[in-house]
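In the numbering used here, the protein residues as written are 35 to 579.
For every residue, glycine included, the Cβ atom is placed at its ideal position computed from N, Cα and C.
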């Protein structure tokens with residue numbers, strides 16, 4: 035463990051930063067290097083709103099091609115996946131599960147919209163593979179079926195591929211509605227969908243299938259651009275006559291139209307032209323502008339002040355095996371555009387009164403961000419960093435009055451007050467503050483001071499104790515031995531260890547193996563300005579990354 039520490043003496047933050055294992059897409063978390071798949075999503079307890087699994091079946095194509103399938107399947111799969119990428123839509127997912135089926139999940143769409151989207155994808159794929167002959171009147175068909183997520187799993191919680199393939203084979207055929215309309219126009223019976231299909235009728239026929247012609251079609255399209263551009267004119271040679279046909283019924287309009295379009299040598303053209311006015315020697319607008327310039331006083335350049343903003347760091351919790359907790363982060367937006375995030379945004383020369391105001395502001399902004407999740411009863415506790423000086427002396431009572439302004443549900447289900455240690459706590463004072471916080475909030479955490487080698491007085495009652503690696507530098511670090519000792523001290527008082535600011539994959543794996551109960555940082559997932567619902571993530575996936 036800790037092989038990633040080259041010097042084997044101290045852990046330093048910010049030296050390197052690996053790409054996040056999990057990324058944020060729209061309103062949720064999505065897999066980056068961790069293979070979170072449809073099976074993971076539907077096995078979660080709260081999967082009532084994700085809709086059906088839609089099966090896209092290529093079984094008839096597989097059967098029709100027989101021995102030639104192996105030679106052509108790669109091209110068909112490329113076409114299929116190209117259509118899926120273009121049409122599935124943001125926030126929805128698809129996977130290739132076997133030679134016969136693809137599965138799709140549309141959590142962002144209603145049931146009706148999801149069915150329509152799946153059908154459109156199948157129809158577009160048929161047109162890509164076969165071309166215009168894919169009109170629902172001849173086989174092979176591409177079929178679509180919707181399956182309830184609960185029915186798609188085996189007893190051990192795995193996707194039942196055989197059941198999904200069977201559902202796909204029995205699904206609706208794409209192009210079926212088109213076939214019915216075609217049959218009605220031709221006065222055929224509804225069930226007569228054309229001649230019996232045969233694998234040689236579309237594979238080895240005179241006309242090549244669409245995906246074999248596609249490259250040549252693109253070339254011919256570009257070479258015939260002039261012909262294509264004027265196709266609509268060739269279709270109807272009387273377009274000019276039709277465009278102005280209504281002019282005969284309105285003589286006034288025609289007269290005005292012809293007057294505007296008359297050549298310049300026509301007398302009527304000259305009468306409509308405005309006479310030129312001679313330019314004044316000194317135009318009035320020039321003198322006014324000059325007077326204004328003389329009267330105007332020089333304006334001082336506007337200065338943009340630095341401003342505070344808030345963001346959140348998603349945290350993975352071991353007990354819940356999910357991203358279900360956040361850490362509030364203070365950010366300082368500089369006039370130059372530079373963004374200072376986290377502990378460095380506070381600066382080093384703030385008074386206790388200034389820190390109190392910042393702490394209260396961060397508390398209020400966190401509460402505001404929690405309201406959407408609170409209204410939906412979605413539990414996502416948030417670590418809110420509060421300075422030690424805010425919890426002592428003349429600032430303690432005003433601070434707890436600010437907390438009391440929020441509803442009991444918000445305080446008792448979401449607020450985790452993280453005490454930022456300043457190295458001056460006594461056991462009695464810390465115990466009293468912890469007890470007072472626990473009376474009103476969901477939990478209380480303690481962040482030992484890095485300047486004291488993370489040696490601090492710890493008291494029973496703390497729920498979390500941990501460190502933020504973003505505060506470390508060459509003068510303040512932590513050795514692997516000290517980190518393991520601190521973890522043992524935390525366990526001794528019945529608290530859990532948290533590690534924030536992890537930037538390297540190896541750090542993430544080792545700290546989880548050490549026993550950290552909560553981790554966050556750029557190596558896991560980037561910071562976000564919006565709180566999102568929990569996202570299930572098994573520990574094994576983090577260790578393998």
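Asked: How many angstroms separate the CA atom of residue 368 from the CA atom of residue 153?; Found: 51 Å
Asked: Name the residue from 479, 491, 408, 148 whose alpha carbon lies nearest to the alpha carbon of residue 552.; Found: 479
Asked: Residues in its own chain within less than 7 Å of residue 132 by CB, not counting five upstream and five downstream?; Found: 195, 199
Asked: Should residue 340 be counted as a contact of the ligand ADP given a C-beta to heavy atom distance under 8 Å?; Found: The ligand ADP is not part of the structure shown, which contains no ligands of any sort.
Asked: Given a threshold of 16 other Cβ atoms within 10 Å of its Cβ, counted over all protein chains shown, does residue 477 qualify as buried or as exposed?; Found: buried
Asked: Would the stretch 411-425 and the stretch 387-394 be scored as touching if the rule is three or more Cβ pairs under 8 Å?; Found: yes
Asked: Taking Cβ positions, are residue 192 and residue 73 nearer each other than 9 Å?; Found: yes
Asked: Between which two residues does the alpha helix (DSSP H) harbouring residue 430 extend?; Found: 430-438
Asked: Kindly give me the distance between the Cβ atoms of residue 202 and residue 134, rounded to whole angstroms, as I take these residues to be in contact under 8 Å.; Found: 7 Å
Asked: Using alpha carbons as the reference points, say which of 161, 353, 348 lies closest to residue 117.; Found: 161
Asked: Consult DSSP for residue 129 and reduce its assignment to one of helix, strand or coil.; Found: strand
Asked: Counting Cβ pairs closer than 8 Å, one from the stretch 513-526 and one from the stretch 448-465, do we hit at least three?; Found: no
Asked: Have a look at residue 550 and residue 345 and give me their C-alpha separation to the nearest angstrom.; Found: 23 Å
Asked: What's the gap between the Cα of residue 564 and the Cα of residue 468?; Found: 29 Å
Asked: Keeping to the same chain, check which residues put their C-beta closer than 6 Å to that of residue 359; ignore five residues upstream and five downstream.; Found: 349, 351, 415
Asked: Could you check the C-alpha separation between residue 379 and residue 555 for me, to the nearest Å?; Found: 17 Å
Asked: To the nearest angstrom, how far is it from the Cα of residue 535 to the Cα of residue 544?; Found: 14 Å
Asked: Pull up the CB-CB distance for residue 179 and residue 204, whole angstroms please, since I reckon it's below 8 Å.; Found: 7 Å
Asked: Following the continuous beta strand (DSSP E) through residue 351, name the residue where it begins and the one where it ends.; Found: 341-351
Asked: Could you have a look at residue 566 and say whether DSSP puts it in helix, strand or coil?; Found: coil
Asked: Quick check: what's the CA-CA separation for residue 430 versus residue 385?; Found: 15 Å
Asked: If you compare alpha carbons, which of 494, 457, 505, 136 is closest to residue 486?; Found: 457
Asked: Which partner residues does residue 499 have in the DSSP bridge list?; Found: 480, 531
Asked: Beta-carbon within less than 6 Å of residue 207's beta-carbon, same chain only, minus the 5 sequence neighbours each way: which residues are those?; Found: 175, 177
Asked: Starting from residue 361 and walking both ways along the beta strand (DSSP E), at which residues does that stretch end?; Found: 356-367
Asked: Distance, Cα to Cα, residue 338 vs residue 470?; Found: 40 Å
Asked: Straight-line CA distance for residue 494 to residue 528?; Found: 7 Å
Asked: For residue 179, write down the residues that DSSP places opposite it in a beta bridge.; Found: 89
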